[in-house]
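Reviewing the structure listed below.
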Amino acid sequence: MRRSQMRSRMPVFRFILQRVLQAVLVTLAVTLFVAFAVRLTGDPAVMMTAESSSVTEEDLIRIREALGLNQPFYAQYLDFLKSLITFDLGNSFFRGSIADLISIALPSTLVLAVASMGVSILISIPLGVHAALHKGGLSDQIIRVLSLVGLSFPNFWLGIMFVLLLSITFPILPASGFETWSALILPALTIGIILTATNVRLVRTQMLETLSAQYVMVARAKGLSEWSVIYKHALRNAAIAIVTFLGLQFGNLIGGLVVVELVFNWPGMGTLSIEAIAQRDYPLLQATVSLLAIMIVAVNLAVDLVYGLIDPRIRVA
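Sequential numbering of the sequence shown, starting at 2, is according to my numbering.
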């Protein structure tokens with residue numbers, strides 16, 4: 002009995018192990034690329050002393066030794082990996098502790114990400130369900146056209162239009178900052194609407210598949226109400242694929258946040274990364290970009306594992 006249970010669990014353990022190893026390899030590859038790329042911007046010691054006219058070569062050598070830049074690249078990379086694991090990220094060239102900066106910026110980014118995804122879900126699910134129920138009708142065509150229009154909008158342009166309309170022309174909402182929760186509305190709407198353009202089409206497609214499934218026909222034959230058939234049977238079964246896609250969309254969400262945070266002066270990881278680029282602060286840039294990449298890998302891993310555990314066909318694939 003125990004042997005049969007172990008045999009049945011082996012594919013699950015193998016699947017989890019494979020996905021975790023893949024995530025570790027991707028993380029190592031990304032952090033290696035980031036560590037290498039930021040060093041292409043020039044000598045950090047020279048950058049730190051660019052505004053000083055009395056710097057000697059001996060001063061530059063001392064700075065390189067203090068920063069560990071005199072070590073081979075592989076040693077610097079291993080030190081960086083250790084700092085990521087322990088979250089002892091050292092100091093920025095110009096702004097103090099990197100861990101302190103990220104501890105402020107990361108929660109702001111996560112709040113905006115969750116709010117944006119919430120906006121997208123609240124809009125895309127009702128519209129997608131409605132479009133599927135009225136396939137080929139006028140409302141379905143309007144929703145599909147609007148989603149195509151939404152896909153063509155750059156997120157920064159939409160953000161600027163919101164600022165012009167709702168902050169300048171009609172001063173209803175703040176255009177920047179994080180002083181009040183109302184400042185969250187415009188950036189969350191900007192990203193949420195862009196995500197909705199994709200998500201509404203996904204919901205519509207998944208609902209069309211489940212509405213034609215046999216169990217939905219059986220539910221209707223039993224005399225269940227249309228609301229129960231749609232939301233308790235069709236949407237519930239379509240939700241697995243929808244939630245999986247939303248999780249995998251996290252990378253695109255983070256990419257959109259970087260630009261939108263700049264438009265609205267949102268104190269998140271995107272703004273911090275751009276400021277690090279502008280100041281050529283490579284320890285800060287290396288840390289922020291690597292942590293964002295690790296977040297994306299971790300979310301994709303979690304979605305992959307959950308979906309694989311729910312659907313055995315994914316484990317076989």
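Backbone N, C-alpha and C fix where the C-beta goes; we use that ideal spot for every residue, glycine too.
Should residue i go down as buried or exposed, given a rule of 16 or more other Cβ atoms within 10 Å for buried?
i: F348; result: Outside the shown range of the chain (2 to 318) lies residue 348, about which nothing can therefore be said.
i: N200; result: buried
i: L286; result: buried
i: F74; result: exposed
i: E262; result: buried
i: L149; result: exposed
i: T87; result: exposed
i: R63; result: exposed
i: E276; result: buried
i: D305; result: buried
i: A189; result: buried
i: W267; result: buried
i: T170; result: exposed
i: R202; result: buried
i: S226; result: exposed
i: S183; result: exposed
i: A114; result: buried
Suppose you measure from the CA of residue i to the CA of residue j; what does that come to, to the nearest Å?
i: V31; j: N253; result: 16 Å
i: S153; j: G256; result: 16 Å
i: L134; j: L302; result: 33 Å
i: Q6; j: R15; result: Confidence is the limiting factor: at Q6 the pLDDT is only 49, short of 50, which leaves the residue's position unreliable and the question unanswerable from this model.
i: N92; j: I161; result: 34 Å
i: K223; j: G193; result: 38 Å
i: F163; j: E180; result: 19 Å
i: A242; j: A38; result: 36 Å
i: V35; j: Q207; result: 37 Å
i: V307; j: F251; result: 15 Å
i: P172; j: V21; result: 49 Å
i: G151; j: R145; result: 10 Å
I'd like the list of long-range same chain contacts for residue i, defined as Cβ closer than 6 Å, with 5 residues on each side in sequence excluded.
i: L185; result: A116
i: Y283; result: V39, P45
i: A288; result: L90, I99
Since residue i and residue j should fall inside the 8 Å C-beta cutoff, what is the C-beta to C-beta distance between them, to a whole number of angstroms?
i: R205; j: G129; result: 4 Å
i: N156; j: I195; result: 5 Å
i: V217; j: T211; result: 6 Å
i: T28; j: V259; result: About 19 Å; that fails the 8 Å criterion.
i: L33; j: Y78; result: 6 Å
i: S121; j: T197; result: 5 Å
Kindly indicate which three-state DSSP category residue i falls into: helix, strand or coil?
i: N266; result: coil
i: N71; result: coil
i: Q6; result: Unreliable placement is indicated for Q6, whose pLDDT of 49 sits below 50; the coordinate value is still reported in the next sentence. Q6: helix per DSSP, three-state reduction.
i: L18; result: helix
i: S226; result: coil
i: S177; result: coil
i: S93; result: coil
i: T213; result: The residue asked about is misnamed: residue 213 is Ser in this sequence, not Thr. Reduced to three states, the DSSP call for S213 is coil.
Going along the chain, which residues of its own chain have a beta-carbon closer than 8 Å to the beta-carbon of residue i, five neighbours each way excluded?
i: L292; result: L85, I103, L107, M270
i: A100; result: F88, D89, L90
i: Q280; result: F94, F95
i: V230; result: V217, A220, R221
i: L187; result: G160, F163, V164, L167, S168, L174, P175, A176, F265
i: I143; result: none
i: L209; result: A133, K136
What does a CB cutoff of less than 7 Å around residue i pick up in its chain, not counting 5 residues either side in sequence?
i: H234; result: Y216, V217, A220
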